[in-house]
Amino acid sequence: MPTIVTVGGVKTSIECETNSAVDSTGSNQEISSDIPKTINGAGELGDVNAIIRHFNLDPKRASVVLRLLSDTPESRFHWFRMDGRLIDGLLEPIIVTANSDIRIANFQTSSSTFLVVSKSARPHTASENDKAKRVKECSSIKEFIIGLILDHKGILSAFGIMKDKANPSNLVIISKYQKNGTLFSYLQDHLQVNQISLLMEVADGLCYMHSLTCPVLHGDVKSHNIVIDDDGRPLLTDFGSAAIRDPITLRFPYRLGGTPRWMACEAYVPSLFPATLFIDSYAFASTAIEVFTRKRPFNNIDPDAAVIVKVVVDKEHPLRPEGMEAGELTDDLWKMLVKCWEFNPSDRPSMQEIRDLLRGMLLSID
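Heads up, the sequence shown is in UniProt numbering, so the first residue is 1 and it goes up one at a time.
Now the structure itself:
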């Protein structure tokens, strides 16, 4: 049965299967919401038809998107990629960031139990108004939807979403736990790694995101936002700063997120240049510095404000690693990284160019 969605006052019928674990009311109910036209802005979740069409979502995933983009109470559900339930895990977060808490829990199916990671927005404060709370919720929904629509071996896909029991107005994003941790911690624990292979795999994941009909900008590429699976393969994760290029204007939102030291000049000062996919090229080069040196970019400069001056005012980039830190870094690769840090985004190489160079290096080694 079709689901009826109201977008901007216009009713649209979309064929979607009902996920029995999600909705017991039937898939023919009318979901009415006033959905803005883009998925990227603060509090703007997107045109559901564009999302489903451009990302070729299967019926079950489309059904999840439909209900998340609805303002009706029954749309606030729990959904997982497989039948099972989340068993309460650690009460205290293992990681606390400025915007979120990350915990470990167990997911139990009829035949097995395995670890998952839950990410929830920091609890609402008494000073937050309804708009601020809605913006925070929209940010979680946007991050989950992007994690849901991406389907690639180099990306940690979203596993589920649910209400925060402690703070019902918050949403919790669930992903599978990766015992090898982040790329940053993996590099500290494994001194003998194939640096070029790791970088090529990361570049391949970004190429996939950039090659979609509506390209997706990661927006916060760094070693802490890459996890390592059981086979030693890097997986891109954390899409809190990600953005989908508008299919009409062909632009990304004016203001994006990111992390100082990995951010391009236009991410600091949006009036310099429009946001483009080359923001990821810049951050990838800074992540490469982490892979070779096992240290953050501009590691010799503190605080972050001084790094911003170096990037925006002095137009400088990280120094070339030398000696033991140089690892597998070649002259050709260094030249490519330097191009990635160009002040003008149009002078930077695409992720496809970067990946092709890395792939060629691997083939020459073999």
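Virtual Cβ for every residue (Gly too), placed ideally from N, Cα, C.
Treat the numbers as computed from the prediction; the structure is a model and nothing was measured.
Query, Result
"Between which two residues does the beta strand (DSSP E) carrying L171 extend?", "L171 to K176"
"If I'm right that S175 touches T237 with Cβ under 8 Å, what's the distance once you round it to whole angstroms?", "7 Å"
"On the criterion of 16 or more Cβ atoms from any shown chain inside 10 Å, does N300 qualify as buried, or is it exposed?", "exposed"
"So R245 is in the beta strand (DSSP E); what residue range does that whole segment cover?", "Element bounds for R245: n/a, residue is neither H nor E."
"In angstroms with no decimal places, state the Cα-to-Cα distance between D164 and T213.", "33 Å"
"Determine the burial state of E325: buried for a count of at least 16 other Cβ atoms within 10 Å of its Cβ, exposed for fewer.", "exposed"
"Go through its chain and collect everything with a Cβ distance to I289's Cβ below 6 Å, but skip five positions before and after it.", "P297 and P318"
"Kindly identify the DSSP beta-bridge partner or partners of M162.", "V172"
"With distances taken between CB atoms, is the gap from T109 to D83 smaller than 8 Å?", "yes"
"Do K222 and A306 have their C-beta atoms closer together than 8 Å?", "no"
"Ignoring anything shorter than 3 residues, give me the beta strand (DSSP E) runs that lie fully in the segment 199-265, in order along the chain.", "226-228 and 234-236"
"With a CB to CB cut of under 6 Å and the five nearest residues on each side skipped, what residues in its chain are close to A275?", "F252 and L256"
"Exposed or buried, which one is L362 when buried takes at least 16 other CB atoms within 10 Å?", "exposed"
"Go ahead and pull the three-state DSSP assignment for S120.", "strand"
"Using three-state DSSP, classify V355 as helix, strand or coil.", "What sits at residue 355 in the sequence shown is Arg, not Val. Looking at R355 - three-state DSSP - the assignment turns out to be helix."
"How many whole angstroms separate the CB atoms of F292 and G327, which I take to be in contact at a CB cut-off of 8 Å?", "5 Å"
"So, using beta-carbon positions, are L206 and D280 closer together than 8 Å?", "yes"
"So, under 8 Å CB-CB, F144 and I161 are touching, yes? Tell me the CB distance rounded to an integer number of Å.", "5 Å"
"Taking all protein chains shown into account, decide if F114 is buried (16 or more other Cβ within 10 angstroms of its Cβ) or exposed.", "exposed"
"Hey, which unbroken runs of the alpha helix (DSSP H) at 4 residues or more fall wholly within the segment 273-318?", "278-293 and 304-312"
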